[in-house]
Each structure stands twice: as structure tokens, then as C-alpha cells.
Amino acid sequence: MVLDQLHTFFTACELMDLPFDNPFALFTKLDNILQHPDKFRLDGKPADLNEYRFLPMGVLLLYACYGNDLFALSDAARDAHFSTLWQQPSLRYIEDELDRLGIKQTICRLVARTERRDIYRLYPELIQFNENNAYFSLSNGTLPLQDVACSVKMPDVFVRDLYHLFLSYYAVDHSGTCSISANAKLPAAAQKVAVYMEGLLKLRDLERDALKDTVKDADMLSKHVKKLLSLAETYQCLLYSMPCCSVWSYSELGKFYVQAYGDEPNYSDRLRSKKAQYTALANLANVISPFPKKQFDGLVERLYQLLHSYADNPIFHFFDTAYKQIAVFPAFRRIAPAYFWRLFVQHAAPLYNHKKYLVSRSTKTADFSLKPFVQEGFPDMQSAERKSNSRVERQCRLYKELVKYFEENGKTVIPGVDMAEEIELSVSLHFLQKHMLANFDIYTDTGITGATLSNEVPLYRLFKPLYDALTSMDGELWKQMPYSASSSATIEQADKFYCKERSDTDALKFLRESKGQPPIERKKNLTLEQCWSFVDAALIAKDGSLTGRINTYIAEHKELSEYAEQSEEKRKILHWTIYRMALERCAYSLSRSLMEQFMQIFDKWSGEQNLENLWTVFFEEHKETFVWNTIADKIRFGPVQMYGRILCKIDLPATQLPAPQEVAKDCGMVLLGGENADSYAEYIAELEQNHVLAMYRLKTSDGDWSEKGTKAALLAKQSGFSGVVLPTYTLYKELVQDTDDAESIHLKLWAQYYMQYTAVIRGIRAECGNAFAMIGEVECRDGEPATLNALNVISFWLAQDGADAVIVRYDGSLTGQVVNHIAALAGRLAVPLFLQSETMALEQERDLLAETAIFGYAQPLPIS
Numbered sequence: 044m045v046l047d048q049l050h051t052f053f054t055a056c057e058l059m060d061l062p063f064d065n066p067f068a069l070f071t072k073l074d075n076i077l078q079h080p081d082k083f084r085l086d087g088k089p090a091d092l093n094e095y096r097f098l099p100m101g102v103l104l105l106y107a108c109y110g111n112d113l114f115a116l117s118d119a120a121r122d123a124h125f126s127t128l129w130q131q132p133s134l135r136y137i138e139d140e141l142d143r144l145g146i147k148q149t150i151c152r153l154v155a156r157t158e159r160r161d162i163y164r165l166y167p168e169l170i171q172f173n174e175n176n177a178y179f180s181l182s183n184g185t186l187p188l189q190d191v192a193c194s195v196k197m198p199d200v201f202v203r204d205l206y207h208l209f210l211s212y213y214a215v216d217h218s219g220t221c222s223i224s225a226n227a228k229l230p231a232a233a234q235k236v237a238v239y240m241e242g243l244l245k246l247r248d249l250e251r252d253a254l255k256d257t258v259k260d261a262d263m264l265s266k267h268v269k270k271l272l273s274l275a276e277t278y279q280c281l282l283y284s285m286p287c288c289s290v291w292s293y294s295e296l297g298k299f300y301v302q303a304y305g306d307e308p309n310y311s312d313r314l315r316s317k318k319a320q321y322t323a324l325a326n327l328a329n330v331i332s333p334f335p336k337k338q339f340d341g342l343v344e345r346l347y348q349l350l351h352s353y354a355d356n357p358i359f360h361f362f363d364t365a366y367k368q369i370a371v372f373p374a375f376r377r378i379a380p381a382y383f384w385r386l387f388v389q390h391a392a393p394l395y396n397h398k399k400y401l402v403s404r405s406t407k408t409a410d411f412s413l414k415p416f417v418q419e420g421f422p423d424m425q426s427a428e429r430k431s432n433s434r435v436e437r438q439c440r441l442y443k444e445l446v447k448y449f450e451e452n453g454k455t456v457i458p459g460v461d462m463a464e465e466i467e468l469s470v471s472l473h474f475l476q477k478h479m480l481a482n483f484d485i486y487t488d489t490g491i492t493g494a495t496l497s498n499e500v501p502l503y504r505l506f507k508p509l510y511d512a513l514t515s516m517d518g519e520l521w522k523q524m525p526y527s528a529s530s531s532a533t534i535e536q537a538d539k540f541y542c543k544e545r546s547d548t549d550a551l552k553f554l555r556e557s558k559g560q561p562p563i564e565r566k567k568n569l570t571l572e573q574c575w576s577f578v579d580a581a582l583i584a585k586d587g588s589l590t591g592r593i594n595t596y597i598a599e600h601k602e603l604s605e606y607a608e609q610s611e612e613k614r615k616i617l618h619w620t621i622y623r624m625a626l627e628r629c630a631y632s633l634s635r636s637l638m639e640q641f642m643q644i645f646d647k648w649s650g651e652q653n654l655e656n657l658w659t660v661f662f663e664e665h666k667e668t669f670v671w672n673t674i675a676d677k678i679r680f681g682p683v684q685m686y687g688r689i690l691c692k693i694d695l696p697a698t699q700l701p702a703p704q705e706v707a708k709d710c711g712m713v714l715l716g717g718e719n720a721d722s723y724a725e726y727i728a729e730l731e732q733n734h735v736l737a738m739y740r741l742k743t744s745d746g747d748w749s750e751k752g753t754k755a756a757l758l759a760k761q762s763g764f765s766g767v768v769l770p771t772y773t774l775y776k777e778l779v780q781d782t783d784d785a786e787s788i789h790l791k792l793w794a795q796y797y798m799q800y801t802a803v804i805r806g807i808r809a810e811c812g813n814a815f816a817m818i819g820e821v822e823c824r825d826g827e828p829a830t831l832n833a834l835n836v837i838s839f840w841l842a843q844d845g846a847d848a849v850i851v852r853y854d855g856s857l858t859g860q861v862v863n864h865i866a867a868l869a870g871r872l873a874v875p876l877f878l879q880s881e882t883m884a885l886e887q888e889r890d891l892l893a894e895t896a897i898f899g900y901a902q903p904l905p906i907s
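As C-alpha cells, then:
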């Protein structure tokens, strides 16, 4: 498989005319192609990058698998025999050729890399990412407009709680000491803003009260005026500007209050001016006077205008507009946490300061539509400054609190709607990833389908393996600095100088500028342009000018030249240091650029064909690879190494077990169960003498199964077993339906899986260690498409949680469709797949080993 992938990697590079001598040469050109798609060539001819984007994606993902060791094989890759090794049937021939090429140790190192398994686990992530990316589409006309009519009124508790949550986030983000929560105790300034919003909601309540019954006479009008004056006294923030932020009082309410309590009220019998009307309304609080109908109607209208002035507040308008979107369109409800998260984070300052441009016609007006969620491309990646990590952490906490709010208050937000049921957590998380500036150190406890995980995973887990590889592309390349063979300084001396904790020389102080690693964007003494000049001379152009360029740079700066002139040794040490820093700086810059482009080509995913092409070409073993696979091969999975590809199941008491010599003729491992593990201790010792391993088959029981399962596994280890087989997860057509979507299938399967497997797998791994193997087993009772899809889900979960192999049991008729599905699953699974079927003939077993990624077979031990 590794040789197959290496062949694919170098072939893809040659097709795209990418040099593969070193990572900088390759990725500099690839980055240029991704940024200028019109320059893309395939086999020397212009081609559409969008059609063949799986090629650069596959090259990048294989680099994440194997790192800079790929470039150590660049010379061997040009050898005519190397390109055909992956097709050879003889392992001995392959080993001899690898020895001849001097790359056997490198290949063994590639085989052992754990990053390969991490990449294989990405396949279900890729599927989910693709589905989520197509959730909303600009082309299908499903995007709701921003301005909508909505008959549902926004509940007071909704805007009060969410604004309180936002204020707590804003306070923490601006050096506050409170926690981010809808119930947090706010700092004094933020609390005043919260009280202001509370006053607006009280004013809306007065308007609702006044609209219940038509105001028919002065007595009713007087009652409403008294309530308004009482509210104004309680919430004086509605009348006066607030010093804590730029929240201004409503001028009309303030004018009314002045006329009510001013020393010289402006009164006129004709009531044609606002001041006169305000005075007349205010007088009704003390003396109920009759008015002609026209004047009375004018006063009633003026009162309604005063009561409705809450709607002029930009923040109330902001929340009301957002509420209408989720109330009218289900699409908004599905991503409600991400929807409000984007509005809060993007408009934090104007939202806190009640800026009118948020809801007015301007270039800064908030966009309440879904367009920001579906427009192409990720945002620029986050700044490298250390302070950005804490900001992203606060943003993640805000998102989690939004999820928590909608889960706990889902039935009170919109009448007749349960938000907790309508929210698609996986899709919401997907858009959080797209809108949040990328920070690969942020972790989440939410899986790709929205389930809560027992162990947190990187939020950007789809991209993190590649990011980790790219950021370390400089690796040990500095030790291969051109023209260093005759240097008077050693690598050890250069490394010691570079790694000094204290910059106790002016030259090192000048180059470092700061202690932060990796080199960050504010570097000015050793600029990015100068770094690329050195890297280009050494690794890309290879024009022999590196030494001259570094000497010129040293001569231009007093701090460097004074140190270099002390001795030739110190000059060479300075050469090493400058070259090493240049590599690090360029690796940092190039990796960020590549990741931005990589995210965007993933973000433009349309249809499943590209995904299939990517996995088929780069990650599924081709048929020719398996021509040498036989049932008698010596194999290894997890910590287990065995002779043969057959696992035999034995369901007999310890006193009736067949002779170990007979067992060894049929298999290299037996799976025992039915009695306590310690009853097999002597038998296991006899099996080992015949080179047969044994694993213990766990069985579920009542009570705390996770604790009992862990104890049974520990007893099995003490009895000499090499590992355990987890209880069978059984799938059948009644369990899932063809009409179920991916999320529905997940929810139906997750409850049983979490209860029976998650805790026990974690417990066994903790108690028995990594040297004790675990095999998962899934029984598939029919070949319905929904059942086979569920088989994929369970198998991936077992592999992800730590199973070293998976047994797929299928006792029905092995149709071509079923075989192809299981074979495809074997090619995509991060661990070996053993197939068990009672209807399979020996000839078919041999053919499948030769033509697919199926690793071996499980079967009952034939008893003579």
C-alpha cells in the first residue's frame, strides 16, 4: 500500500509538473497554481483545476501522511524499477530492490507512521463536510430574503437573555472578569446597558397594554400616561444618555418628560405643536380634562408614538430582524447557534454601543440573510499573535453557550416550535468552522454528526493533520545548507547557538527580535522577502548564490558584521542561524497560504465524484497490489503478529477444545468465549507453542457492563490472551430505513453504541495498555442500502475509538453489491477488516484477497 501511494504521489507531481526534490520547491509551485488556476497544466496541457482538484488535494494529504520522508525518495522515484515495485508479486524481490536503492529503512519508517491512520480516519469527515457544504445553495433559490413579514412577536425573555449573553461575552472580551453566560453577573457598565434594554421591553409592554382596548376617553388616556411617567422614573436611562457607552436617550421621550416636570410647561389650547401635546398628556396625570374629538385623537396618536419609540432603538431592531428570520424560515433555525454567533462576533462593538448603522442603509449594515454562510471561501486565517488564541477561546465559549441556550429554552423561543429538535448541530458547527478565523489548537467535544464525544477532538480536525505537516516542512533541512561541507563550524555548534535561551549576543538579539516561535509576521530585521531570497537560492533556483546573499545581508547590519568578523567559525555559525530562521519563516508563510487555498478548494466541493476520485486514486489499494496476498501470509494488525489470515471462532467448553496441533493447521488465531478467561490459561500456553494466538470474546451482561467488561478483559490479559473481541453489534433492516438521512441513522445507532462500547473501549485501553489488542465485530443481517450504510458508521466508530481490527459478519447471500460495499469499506477503514460469511467458497476468498483490501477472514473452527 505504501509503495502504491508513493507511486501515485510522484506520478501526480509529474502530471502537474511539480518538482519533488524538496518541500519548498514543490509547495511554492503548487501554491502558485492554486492561487492562479489559469496556470494549471496536466501532462503539459491546459486543464480545468476545478475538474482535477482532487490531484493537488491528494498530494497534500499524502504529504500529511508521510512528511518530508517523501523527498528523501526523490532520487529513487526517478529509477525505472521503482515505479513498478508496487505491482510486483514477490515480497523478496521488493525487499532486494529497496536494498539496492538504499531506501528500505525509509520505506519501513513510512509504513510505521501513525499519521497514515489519522488521514484514513478523515474519510467520514470528508463525507459529512461535503454534505454540510451543500446544505444551503445559492443556485437552488432557497436563500430567504433579509426583509420578511412575520406575525410572531419576539418574546421579551428571548431578547433579554440573548443580549445578556452577548454583554457577558463583550465584557470578558474587553478585560472583564465575569463569565460568559446568559445568567452571568455583569460588570457595572454592562449591567447599565442590560437595564436599558429591559426598559425598552417594559415600554413595549406598555404599548401592548394600550393596544388591547381602544382608548375611548380621557380617563383611559390618563391611566396610560401615568404608567408611562412611572416607567420613565424607574428607567431614567431611556431619558438621558449613558456615560458607559454611546447609548443615547430617545429625544421624544425626553421632551415629553421635560414637559411633564418642567418649570415652564408650553401649553396651548390648540395643541398644534409637539410640546403642547406633551404638556396636555402630562397634565392628564393630575387633572382629567375633556378635549374635542380631533384634539383627543391627536393626543392618542402622540401617546402611541411615544410608546412605540422602543422600535427606533437599533439593538431592538437588530434582535427583532434576526428573530423574524428564525421564526419564518426553518433554514435559519437549523443553524441558530452559528447564526447568532456570527452576528454577535462580527458586530460586537456597534451592538454594545447601539450604533444606528447596524440597521440603517450603509456599508456597515448587518447582513441578516444566509448569504454570509454560503458564499465561497473561508476567511483569512487567524493572526499568529499569541493573544489571538484567547480571543478564539472566548468565541468558542460564546458558541457553546448559544447551543446550551437553545437546547434549554427551545420551546419558548418560537410558539409551536422546538428549537432543540430543529437545530442541526453538525451543520451549525460546520459553519462555525467556516466563519471563525482558523485556530488549530481549539478543541471541541462535538462530533461530525453533532454527537457529544467522550474525548475532545480538534475543531479543525479535517485540516489539522495537514497543517501540522506543513508548518514543520522546514524540519531538518537547515542541516543540509548548501556549501556547508567545508564549514569550520559544526552542526552541533550552530544548533547550540540557535537554541540559546537567552539572546546574550547582539547578533542573536537582532535576528530574534522576540522569543516567540514560529517566526511571526511582525519580523522586520530579517524580512520575509529576504528569507525567500535565501530559500530560493538554496532550494528552488539552486543558482549557487546563497553564500553571497547571506554575506551581503550580514555586511549591511552592524550587529551581524561585528559578530562575524570575530572569527570564521562565528561567521559560519551565523550563516547556519540565518538560513535556519529563513527556512522557518518561509515554512510558516507558505503553510498558511497553502492551508487557505486548501480550505477553499474543499469549500467549493460539489457532488461526490471528486471525493470518490480522491480516495480511489490516493488511498484505496489497487487490485494489482494484492496479487501476492495469500491466506497463509504472515500479517500484523495493532500489536498482534500472526501466521495466516484466518481467525477461527471456537464455542466449546475448556474440556472439549481441539488439540492445538489441529488448530494450527487451519488458522493463526482462535477466538475463544463461553467461560471465564482464566479457564483457558493452560490451553493458551499450548497454542503459543504451535504459533497460534488467542483472543477472548467478551459478552454483555446486566448491570454496569463497562466495569464488568473491563474486568473481564484484564482477567483475559492475565490469563495469556493477546486481546479481546468486543460483543457483536447487530444490524438489520428494521433498525434503519432507506428514507432515513445520515443524521437519523446516526441517532438510532449512537444510543446502543455509546452504552455498550464507548466506555468499555476506553476502560480496556486504560487498564490493559496499547499492547493488548481489541477487535470490534459487526453483524450485518441483510444487504439493504440503509443497513450497509449503518455498517460503515459502526465500523468507523470502532476504528476511531481504538479497535485494532473489525470483523464484518454477513451470513446472507454475498451478492456483487454486498461484496463491493464491504470491499470499499475495507479500503477506507483505518484498521484491517476481516470478513465472515458462511456462503463463501475458498476460491472466492482467494480472489477477494487478491483483488480487494479485505485483510482476512473469520470463521467457525471446523471440527472433525
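Count the sequence shown with our numbering and you get residues 44 to 907, in order. Idealized CB from N, CA, C, for every residue including glycine.
Would you say the beta carbon of residue i comes nearer than 6 Å to a heavy atom of the ligand HEM?
{"i": "Pro-99", "result": "For the ligand HEM, the structure offers nothing, since it holds no ligand at all."}
Between which two residues does the alpha helix (DSSP H) containing residue i stretch?
{"i": "Glu-705", "result": "703-709"}
{"i": "Tyr-631", "result": "611-646"}
{"i": "Cys-280", "result": "Premise fails: Cys-280 is in no alpha helix (DSSP H) and is neither H nor E."}
{"i": "Thr-944", "result": "Since the first residue shown for the chain is 44 and the last is 907, residue 944 is missing from the structure and cannot be characterised."}
{"i": "Tyr-486", "result": "Note, Tyr-486: premise wrong, no alpha helix (DSSP H); beta strand (DSSP E) at 486-489."}
Counting only the same chain and skipping the five closest in sequence on each side, list residues whose C-beta sits under 6 Å from that of residue i.
{"i": "Thr-185", "result": "The pLDDT assigned to Thr-185 is 49, lower than 50, so where the model puts this residue is not dependable; a value taken from the coordinates is nonetheless given after this. Closer than 6 Å at Cβ, skipping near neighbours: no residue."}
{"i": "Ala-550", "result": "Glu-602, Leu-603, Tyr-606"}
{"i": "Phe-97", "result": "Asn-653, Asn-656, Leu-657"}
{"i": "Leu-472", "result": "Thr-489"}
{"i": "Val-258", "result": "Leu-264, Val-343"}
{"i": "Ala-532", "result": "Glu-612, Lys-615, Ile-616"}
{"i": "Asp-890", "result": "none"}
Taking the beta strand (DSSP E) that residue i belongs to, which residues open and close that run?
{"i": "Ile-850", "result": "848-852"}
{"i": "Cys-691", "result": "689-693"}
{"i": "Arg-159", "result": "It is not in any beta strand (DSSP E) - Arg-159 instead sits in the alpha helix (DSSP H) that spans 158-163."}
{"i": "Cys-823", "result": "816-823"}
{"i": "Ile-678", "result": "677-680"}
{"i": "Arg-740", "result": "736-740"}
{"i": "Gly-859", "result": "Segment 859-871 is the alpha helix (DSSP H) holding Gly-859; no beta strand (DSSP E) there."}
Report, in whole angstroms, the separation of the C-beta atoms of residue i and residue j, which I expect to be a contact under 8 Å.
{"i": "Thr-895", "j": "Asp-844", "result": "With 8 Å as the limit, Thr-895 and Asp-844 do not qualify as a contact, their Cβ atoms being about 25 Å apart."}
{"i": "Leu-128", "j": "Glu-140", "result": "6 Å"}
{"i": "Val-803", "j": "Gly-752", "result": "4 Å"}
{"i": "Arg-377", "j": "Val-456", "result": "The Cβ separation is near 14 Å, so there is no contact."}
{"i": "Leu-282", "j": "Leu-249", "result": "Leu-282 to Leu-249, Cβ: 15 Å. No contact."}
{"i": "Ile-146", "j": "Leu-104", "result": "With a Cβ gap of about 22 Å, Ile-146 and Leu-104 do not count as contacting."}
{"i": "Phe-641", "j": "Phe-506", "result": "7 Å"}
{"i": "Asn-65", "j": "Leu-582", "result": "5 Å"}
{"i": "Leu-831", "j": "His-789", "result": "Contact flag wrong, Cβ pair sits at about 15 Å."}
Note down, in chain order, each residue of its chain lying with its Cβ closer than 7 Å to the Cβ of residue i, except the 5 sequence neighbours on either side.
{"i": "Ala-724", "result": "Ser-762, Gly-763"}
{"i": "Tyr-442", "result": "Pro-380, Trp-384, Leu-475"}
{"i": "Thr-149", "result": "Asp-112, Ala-115, Leu-116"}
{"i": "His-124", "result": "Glu-140"}
{"i": "Tyr-106", "result": "Leu-113, Ala-512"}
Compare the C-alpha of residue i against each of the options and name the closest.
{"i": "Tyr-796", "options": "Ala-707, Asp-86, Leu-774", "result": "Leu-774"}
{"i": "Val-446", "options": "Arg-437, Leu-468, Lys-399, Val-435", "result": "Leu-468"}
{"i": "Ala-707", "options": "Leu-730, Tyr-400, Asp-694", "result": "Leu-730"}
{"i": "Trp-521", "options": "Leu-73, Pro-508, Tyr-541", "result": "Tyr-541"}
{"i": "Tyr-503", "options": "Ala-512, Ile-485, Met-516", "result": "Ile-485"}
{"i": "Ser-515", "options": "Val-767, Arg-623, Ala-227", "result": "Arg-623"}
{"i": "Ile-644", "options": "Val-45, Pro-80, Ala-55", "result": "Pro-80"}
Near residue i, what residues of its chain come up, given a Cβ to Cβ distance below 8 Å and the 5 sequence neighbours on each side ignored?
{"i": "Asn-183", "result": "With a pLDDT of 44 at Asn-183, under the threshold of 50, the modelled position of that residue is not reliable, and no figure is offered here."}
With a threshold of 8 Å, are at least 3 pairs of Cβ atoms found where one atom belongs to the segment 341-348 and the other to the segment 402-415? No, the segment 341-348 is not in contact with the segment 402-415.
Touching or not, the segment 236-247 and the segment 199-217, by the rule of three or more beta carbon pairs under 8 Å? Touching, yes.
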